[in-house]
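These notes concern the structure reproduced below.
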Amino acid sequence: DAKTTQPPSMDCAEGRAANLPCNHSTISGNEYVYWYRQIHSQGPQYIIHGLKNNETNEMASLIITEDRKSSTLILPHATLRDTAVYYCIVRIYGSGNTGKLIFGQGTTLQVKP
Amino acid sequence: DGGITQSPKYLFRKEGQNVTLSCEQNLNHDAMYWYRQDPGQGLRLIYYSQIVNDFQKGDIAEGYSVSREKKESFPLTVTSAQKNPTAFYLCASSINSVNTEAFFGQGTRLTVV
Numbered sequence: 121d122a123k124t125t126q127p128p129s130m131d132c133a134e135g136r137a138a139n140l141p142c143n144h145s146t147i148s149g150n151e152y153v154y155w156y157r158q159i160h161s162q163g164p165q166y167i168i169h170g171l172k173n174n175e176t177n178e179m180a181s182l183i184i185t186e187d188r189k190s191s192t193l194i195l196p197h198a199t200l201r202d203t204a205v206y207y208c209i210v211r212i213y214g215s216g217n218t219g220k221l222i223f224g225q226g227t228t229l230q231v232k233p
Numbered sequence: 025d026g027g028i029t030q031s032p033k034y035l036f037r038k039e040g041q042n043v044t045l046s047c048e049q050n051l052n053h054d055a056m057y058w059y060r061q062d063p064g065q066g067l068r069l070i071y072y073s074q075i076v077n078d079f080q081k082g083d084i085a086e087g088y089s090v091s092r093e094k095k096e097s098f099p100l101t102v103t104s105a106q107k108n109p110t111a112f113y114l115c116a117s118s119i120n121s122v123n124t125e126a127f128f129g130q131g132t133r134l135t136v137v
């Protein structure tokens, strides 16, 4: 199973873009990159996912490098409510696989006024 | 409203007792998952089910049991064999185990005294 590496913590000023990096150098061709975030004592919230193309939705943008070994989650205008632990995850799919999400330690993003 | 519901939110049990955590979803999802989270840690997979009447062990299944008799329900039993049962338990579901996002419940915090 591919693993992900994230910085343990980051700060961001309110209103600025938050760029959260993730390394997944052992990712294989049938693995998607997912991002979730978790606010203390709540269930993780889905943000975005992608395979190899960049993706954008109402919450964030996901930039995946051409070799797929790393990605960046971008929150374009961070607010105080975006303070949370952000998890970058690879999800295995395919015949006989579980589709399970493999969680690492995540990045604690602190948005400051 | 559609969603995934875990109950209760807080649960206390005496050491040596079995306890069952409820997870129900009305999203018509095939796949369901149970995760455990310890303080300051990421999520670890306990059991998963890709379809009704089928389930497989995750990474830390010892001391736990599950059933999947109905599509919408995936209860987790924490048995007395689980050495460190006190934790935050999260249930998730997804349409399938391929490339769709998983949705999480709000979790059950189990404390064994």
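Same order as they appear, the protein sequences are chains A and R. Counting from 121, one number per residue, gives the positions in the first sequence under this note's numbering. Counting from 25, one number per residue, gives the positions in the second sequence under this note's numbering. Every residue gets a Cβ at the ideal spot worked out from N, C-alpha and C, and that includes glycine.
Run through chain A and tell me which residues come within less than 7 angstroms of residue i, C-beta to C-beta.
i: residue 69 of chain R; result: 220
Can you give me the C-alpha to C-alpha distance between residue i and residue j, rounded to a whole angstrom?
i: residue 203 of chain A; j: residue 123 of chain A; result: 24 angstroms
i: residue 152 of chain A; j: residue 169 of chain A; result: 7 angstroms
i: residue 175 of chain A; j: residue 113 of chain R; result: 30 angstroms
i: residue 192 of chain A; j: residue 42 of chain R; result: 43 angstroms
i: residue 109 of chain R; j: residue 115 of chain R; result: 16 angstroms
i: residue 45 of chain R; j: residue 186 of chain A; result: 43 angstroms
i: residue 172 of chain A; j: residue 155 of chain A; result: 14 angstroms
Taking Cβ-Cβ distances shorter than 8 angstroms, what residues in chain A pair up with residue i?
i: residue 114 of chain R; result: 163, 164
i: residue 57 of chain R; result: 220, 221
Just the chain R side, please: which residues come within less than 7 angstroms of residue i by C-beta, in chain order?
i: residue 169 of chain A; result: 125
i: residue 126 of chain A; result: What residue 126 of chain A touches in chain R: nothing, since even the nearest Cβ is about 10 angstroms away.
List, in chain order, every chain R residue whose beta-carbon is nearer than 8 angstroms to that of residue i.
i: residue 226 of chain A; result: 66
What does residue i touch in chain R if you count any residue whose Cβ is under 9 angstroms from its own?
i: residue 207 of chain A; result: 66, 67
So with Cβ pairs under 7 angstroms, would you call residue i a contact of chain A?
i: residue 128 of chain R; result: yes
i: residue 131 of chain R; result: yes
i: residue 139 of chain R; result: Within the shown structure, residues of chain R are numbered from 25 to 137, placing residue 139 of chain R beyond reach of any answer.
i: residue 34 of chain R; result: no
Please go through the stretch 180-230 of chain A and give each complete alpha helix (DSSP H) segment of 4 or more residues, from N-terminal end onward.
The qualifying runs do not exist here; there are none.
Contact between the stretch 88-108 of chain R and the stretch 197-212 of chain A is defined here as three or more beta-carbon pairs at a separation below 8 angstroms; is this criterion met?
no
Suppose only complete runs of 3+ residues qualify. What are the beta strand (DSSP E) ranges in the stretch 35-117 of chain R, listed by chain order?
43-49, 55-61, 67-75, 78-81, 88-90, 100-102
So does the stretch 191-202 of chain A actually touch the stretch 173-181 of chain A, counting three or more Cβ pairs closer than 8 angstroms?
Yes, the stretch 191-202 of chain A is in contact with the stretch 173-181 of chain A.
For the stretch 112-132 of chain R against the stretch 29-48 of chain R, do three or more pairs of beta-carbon atoms, one drawn from each stretch, fall closer than 8 angstroms, so that the two count as touching?
Contact between the stretch 112-132 of chain R and the stretch 29-48 of chain R is present, with at least three C-beta pairs closer than 8 angstroms.
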